[in-house]
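**Q** Counting in our numbering, the sequence shown runs from 315 upward without gaps. Cβ atoms here follow ideal geometry from the backbone N, Cα and C, with glycine treated the same way. Please find one structure pasted underneath; my questions will follow.
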Amino acid sequence: MRHIPTVVGIVLGLFFAVLGVLFLAHVLPPPPPAPEGSWPALFMGSMIPSGYMNAVKVFEVFGGILIAIPLTRNLGLLVLGPIILNIIAFHLFVMKGETLMDPVLGVIVAATLFLLWVERKAFAGLIWRRS
Numbered sequence: 315m316r317h318i319p320t321v322v323g324i325v326l327g328l329f330f331a332v333l334g335v336l337f338l339a340h341v342l343p344p345p346p347p348a349p350e351g352s353w354p355a356l357f358m359g360s361m362i363p364s365g366y367m368n369a370v371k372v373f374e375v376f377g378g379i380l381i382a383i384p385l386t387r388n389l390g391l392l393v394l395g396p397i398i399l400n401i402i403a404f405h406l407f408v409m410k411g412e413t414l415m416d417p418v419l420g421v422i423v424a425a426t427l428f429l430l431w432v433e434r435k436a437f438a439g440l441i442w443r444r445s
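Written out as structure tokens, the structure reads:
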């Protein structure tokens, strides 16, 4: 039971690190384009050509490596937290909730919430300050 957070951290970390590296190395085939003029097409049309997505992927690789290492897991959660929130916001607002029940998204959110719960005492210092 005590090894479950380590396994979840390694799997979540490798997921982000590997997919980030594959994106940056241009190994992944491009996803099918969204219909022209749709919100997803406009959103990705600004993210990818501007290089912003490359910066996000660099942080995904960095955060994924940090989460995979148990000693630096909390820092990795702080790096990947905003990225995961933006992924959820994309599915909620840009995709109008159509892909919100995607199984991969569910696993990412569940794994992140599990790791946050396991490390809740370490993050309590960010919320409540001792006097």
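1) Tell me the rounded alpha-carbon separation between L399 and P344.
2) Assuming L394 contacts G377 under a Cβ cut-off of 8 angstroms, what Cβ separation, rounded to an integer in Å, is found between them?
3) Go to G395, then tell me how far its alpha helix (DSSP H) extends in each direction, as first and last residue.
4) In the DSSP assignment, the alpha helix (DSSP H) including G377 goes from what residue to what residue?
5) If you pair each beta-carbon of the segment 326 to 338 with each one of the segment 363 to 382, do three or more pairs fall below 8 angstroms?
6) Here's a check: name, in chain order, each residue in its chain whose Cβ is nearer than 7 angstroms to the Cβ of P354, leaving out the five neighbours to either side.
7) With 16 other CB atoms within 10 Å as the buried threshold, where does V306 fall?
8) DSSP three-state call for V321: helix, strand or coil?
9) Look at V335 and V375 and say whether their C-beta atoms are less than 9 angstroms apart.
10) So, is A425 buried or exposed, given that buried needs 16 or more other C-beta atoms within 10 angstroms?
11) Among F437, E433, G439, which residue has its Cα nearest to the Cα of P319?
12) Select from F337, M315, I402, L333 the residue whose C-alpha is nearest the C-alpha of G365.
**A** So, from the listed chains and residues:
1) If I take the Cα positions, the gap works out to 23 angstroms.
2) 4 angstroms
3) Element bounds for G395: 387 to 403.
4) 366 to 382
5) yes
6) A348, V408, M409
7) The chain is shown from 315 up to 445; residue 306 falls before or after that span and cannot be answered.
8) helix
9) Between V335 and V375, the C-beta spacing is below 9 angstroms.
10) Buried: at least 16 other Cβ atoms inside 10 Å.
11) E433
12) Relative to G365, the option among F337, M315, I402, L333 whose CA is nearest is F337.
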